[in-house]
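Let me begin by presenting the structure, written as structure tokens, before commenting on it.
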Amino acid sequence: MSDEKVYSEEEIRARIAAELPHWYYEDGWLRRKYRTSGWKGTLMVVNTVGHLAEAAWHHPDLAVSYAFVIVKLVTHSAKGVTDKDFELARKIEETVGWRPGPASALEGTPDDPRFKYIKYD
């Protein structure tokens, strides 16, 4: 059994509102649905989440479809949502949602549907 703090539903919803506005809480899981332009984009999101999960040694459940990925986080050993879940959710959101800024030397993905692979919120 884990000694980690398990957050109540009220605490989880408050933290989501403050820290992770595109995430939601449902059936005991911290969740996020990423919409993509198709299979290539879906695989890129899955691989990104997989890399971060392995680096963190904290593994989400994933629901994978042609044009979306649902990430579900819970700390199994604690039987609830803990700081581990919030920390990994923030890192996933930061990495999957990253794009070069206007002052960046990097151009970013062209604004053409042929190249867009993720639908940003």
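So the sequence shown is numbered by the working numbering: it starts at 110 and just counts up by one. From the three backbone atoms N, C-alpha and C, an ideal C-beta is built for every residue, glycine too.
Check your understanding: Given 8 Å as the limit, is there contact between the stretch 217-224 and the stretch 174-182, that is, 3 or more CB pairs closer than that?
Key -> No, the stretch 217-224 does not touch the stretch 174-182.
Check your understanding: Would you say E119 and R199 are within 9 Å of each other, going by their C-beta atoms?
Key -> No, the pair does not count as a contact, with Cβ atoms beyond the cut-off.
Practice item. Work out the CA separation of L197 and A164 for me, nearest whole Å. Key: Straight through space, the alpha carbons of L197 and A164 are spaced by roughly 10 Å.
Review point. The alpha helix (DSSP H) with K225 in it runs from where to where?
Key: It is not in any alpha helix (DSSP H) - K225 carries neither H nor E in the DSSP assignment.
Review point. DSSP three-state call for E119: helix, strand or coil?
Key: In the structure shown, E119 sits in a helix (DSSP, three-state: H, G or I).
Check your understanding: Using 8 Å as the Cβ pair cut-off and three pairs as the minimum, do the stretch 220-230 and the stretch 146-154 touch?
Key -> Touching, per the Cβ criterion.
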